[in-house]
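Asks: Residue numbering for the sequence shown follows numbering that gives the first Met the number 0, starting at 0 and increasing by one per position.
If you scroll down you'll find the structure; I have some questions about it.
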Amino acid sequence: MSKEYETVIGLEVHVELATKTKIFCSCPTAFGGAPNTHTCPVCTGMPGSLPVLNKKVVEYAIAVGLATNCSITRRCKFDRKNYFYPDNPQNYQISQLYLPICRNGGVEIETEGGKKTVGIHEIHMEEDAGKLIHDEWEDCSLVDFNRSGVPLIEIVSDPDMRSGEEVVAYLEKLRLIIQYLGASDCKLNEGSMRADVNLSVREAGSGEMGTRTEMKNLNSFKAIARAIEAERARQIDLLEEGKEVVQETRRWDDEKGYSYAMRSKEDAQDYRYFPEPDLVPVSISEEWLEEIRARQPEFRTEKQKRYQEEYGLPAYDAEIITGSKRLADLFEAAAELCGKPKKVSNWLMGETMRLLKERGMEPEEIRFSPVNLAKLVALAEDGTVNSTVAKEVFAQVFDEDIDPERYVEEHGLKTVNDEDALRGTVEQAIRDNPQSVEDYRGGKEKALGFLVGQVMKATKGKANPGRVNELLKELLS
């Protein structure tokens, strides 16, 4: 009989903070840019250059700590982590080991297995390293220091997760909290949120931890779930064969669906940490802490409740819309402008979701403004355009953020509301289709639909279908 195994997972999540400048200098943090153009003597590690701490980094770290129920270290400091690597310009990284800014927190997650709290051991501030680009054509490696000195927080969880599903739920919860705070855009594909997975397996019921491996290069939630499943299976196979799991760092290849060893961690690297001599300790006063606490936004759970109570949205709509900060912001602004929250919700839940899926986009990539969404809702509601035309116009709003009022005017899409003209078109459709008229009078309801279609065709889709229906019934009776 084969043994039952339990997976034990802890995460180290690095998040690039949304400051305009780097953690210890005034170079820009913008993604992209020609290699080595967002640099200065400080972030390229030139001798004699001195770091100056960016206050906004501390405020973001505290805000994330408060939102994840951590206690804030009122007097924290920075340390030097010494190691040599080509993308690390000073040969050390300024980080926090002894007194990290946040400790002992946790967030609640919900999966099919129910609710549970994932503990957060600590959150610390640090600087990012540069980036190595491997040029296979020239057979060399090039280094870009644009990312060097970009501010990071590292969120270290307790080993509380037991499955890929729990890991993804935890990451989604963290991402949403951080996005609502505006502390980072958390784009896994651009590296502004990166997760390293520490995973071990043990016999079910055992109190002892197994040997863990650390997996890197995980840049999507799907990749993380696949990597966890593969690594769990690999470790179980080794144990079943009577072999040992080696403590090491592994790199996941998502295309090939397997991981390979990068470096062994049996001899843990001695980083020779010592207090950073160029930076004074950070003192966080009660006033400063309260100021940051007062600025905390309304998070998802409160928003969901308010959307149901204040706007009368169904629970499902509220859940979907608050699941993305971009959708929530769009909804609130458009509802405020047009005063029709349920209609705005319908457009977001229906056409917006359909087009996002069709275009393979995330809600965060939506480009249209709440102003144009509100205008479209108004046009559809006051009957200026019918529902078919409204959907056609919305597709243009979605893709190009056009002004729907101007677009409808320029393309002559207003609903035909001239009663005499409409009656004339309906009469013409009756004259042109005697067979359908006969079928309808003979009890075939479908024939009416055909006649409505003919009128809509004649008016290029601009008639009000409801009114066409009424006129047909009136004239045919």
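Backbone N, C-alpha and C define an ideal beta-carbon position, used for all residues, glycine too.
Please return the same chain residues whose Cβ sits closer than 8 angstroms to the Cβ of residue 101, not counting the five positions on each side in sequence.
Replies: Closer than 8 angstroms at Cβ, skipping near neighbours: 60, 61, 63, 64, 67, 69, 70, 71, 72, 119, 121, 122 and 123.
Asks: So does the segment 395 to 408 actually touch the segment 372 to 382, counting three or more Cβ pairs closer than 8 angstroms?
Replies: Output reads yes: the segment 372 to 382 touches the segment 395 to 408.
Asks: Terminal residues of the continuous beta strand (DSSP E) containing residue 139?
Replies: Unbroken beta strand (DSSP E) run through residue 139: 139 to 143.
Asks: Starting from residue 316, trace the alpha helix (DSSP H) in both directions and tell me its first and last residue.
Replies: Its alpha helix (DSSP H) spans residues 314 to 321.
Asks: Spatial neighbours of residue 387 within its chain, please: CB distance less than 7 angstroms, with the 5 preceding and 5 following residues excluded, ordered by chain position.
Replies: The answer, listed in chain order, is 460.
Asks: Give me the Cα-Cα distance between residue 390 and residue 214, rounded to the nearest whole angstrom.
Replies: Going by the C-alpha atoms only, they are around 45 angstroms apart.
Asks: Could you pull out every unbroken beta strand (DSSP E) segment of at least 3 residues lying fully inside the segment 163 to 215, listed in chain order?
Replies: Listed in chain order, the complete beta strand (DSSP E) runs (minimum 3 residues) inside the segment 163 to 215 are 192 to 202 and 212 to 215.
Asks: Going along the chain, which residues of its own chain have a beta-carbon closer than 6 angstroms to the beta-carbon of residue 448, five neighbours each way excluded?
Replies: Excluding residues within five positions, none has a Cβ falling inside 6 angstroms.
Asks: What three-state label does DSSP hand residue 92 in the structure shown?
Replies: Correct three-state label for residue 92: strand.
Asks: I'd like the ranges of any alpha helix (DSSP H) spanning at least 4 consecutive residues and lying wholly in the segment 275 to 340.
Replies: Complete alpha helix (DSSP H) runs here, min 4: 285 to 293, 299 to 310, 314 to 321 and 324 to 337.
Asks: Whole-angstrom Cβ separation of residue 12 and residue 24, contact assumed at under 8 angstroms?
Replies: Residue 12 to residue 24, Cβ: 25 angstroms. No contact.
Asks: Out of curiosity, what's the CA-to-CA distance linking residue 80 and residue 349?
Replies: When rounded, the distance between both Cα atoms is 51 angstroms.
Asks: Which residue marks the beginning of the alpha helix (DSSP H) containing residue 221, and which one marks its end?
Replies: Per DSSP, residue 221 belongs to the alpha helix (DSSP H) from 220 to 239.
Asks: Can you check which of these residues, 239, 238 and 227, is closest to residue 258 by C-alpha distance?
Replies: Looking at the Cα atoms, 227 is the closest of the given residues.
Asks: Do you know whose CA, among 182, 232 and 312, lies nearest residue 294's CA?
Replies: Checked all of 182, 232 and 312; the closest Cα to residue 294 is 182.
Asks: To the nearest angstrom, how far is the alpha carbon of residue 0 from that of residue 10?
Replies: Legend: pLDDT at residue 0 = 40, less than 50; position of this residue unreliable, value from coordinates given subsequently. Looking at the two C-alpha atoms, the distance is approximately 32 angstroms.
Asks: State the CB to CB distance for the pair residue 499 and residue 324, rounded to an integer number of angstroms; the pair is presumed to be in contact (CB under 8 angstroms).
Replies: Since the first residue shown for the chain is 0 and the last is 476, residue 499 is missing from the structure and cannot be characterised.
Asks: Excluding the five sequence neighbours on either side, which residues of its own chain have a C-beta within less than 6 angstroms of the C-beta of residue 220, listed in chain order?
Replies: 167, listed in sequence order.
Asks: So, is residue 83 buried or exposed, given that buried needs 16 or more other C-beta atoms within 10 angstroms?
Replies: With fewer than 16 Cβ atoms within 10 Å of its Cβ, residue 83 is classed as exposed.
Asks: Give me the residue from 413, 358 and 361 with the minimum Cα distance to residue 380.
Replies: Nearest C-alpha to residue 380: 413.
Asks: Could you compute how far the alpha carbon of residue 30 sits from the alpha carbon of residue 88?
Replies: Answer to the nearest angstrom: the Cα atoms are 19 angstroms apart.
Asks: I'd like to check one pair, residue 251 with residue 232: are the Cβ atoms closer than 8 angstroms?
Replies: No, the pair does not count as a contact, with Cβ atoms beyond the cut-off.
Asks: Taking the beta strand (DSSP E) that residue 116 falls in, what are its first and last residues?
Replies: Here the beta strand (DSSP E) through residue 116 covers 113 to 126.
Asks: The alpha helix (DSSP H) that contains residue 406, what's its start and end?
Replies: It spans 403 to 409 - the alpha helix (DSSP H) in which residue 406 sits, taken as one unbroken run.
Asks: Who does residue 110 pair with in a DSSP beta bridge?
Replies: 113, per the DSSP bridge assignment.
Asks: Is the CB-CB distance between residue 506 and residue 370 below 8 angstroms?
Replies: Residue 506 lies beyond the residue range present for the chain, which begins at 0 and ends at 476; the question has no answer from this structure.
Asks: Should residue 51 be labelled buried (16 or more other beta-carbon atoms within 10 Å of its own) or exposed?
Replies: With fewer than 16 other Cβ atoms within 10 Å, it is exposed.
Asks: Go through its chain and collect everything with a Cβ distance to residue 303's Cβ below 7 angstroms, but skip five positions before and after it.
Replies: Within the same chain, residue 303 has close Cβ partners 317, 318 and 321.
Asks: My output table needs one value for residue 67: the three-state DSSP class, helix, strand or coil.
Replies: The answer is coil: DSSP assigns residue 67 none of H, G, I, E or B.
Asks: Quick check: the segment 193 to 200 against the segment 134 to 141, are at least 3 beta-carbon pairs closer than 8 angstroms?
Replies: Judged by Cβ distances under 8 angstroms, the segment 134 to 141 makes no contact with the segment 193 to 200, as fewer than three pairs qualify.
Asks: Out of 398, 392, 423 and 397, which one is the CA nearest neighbour of residue 409?
Replies: Measuring from the Cα of residue 409, the nearest candidate turns out to be 392.
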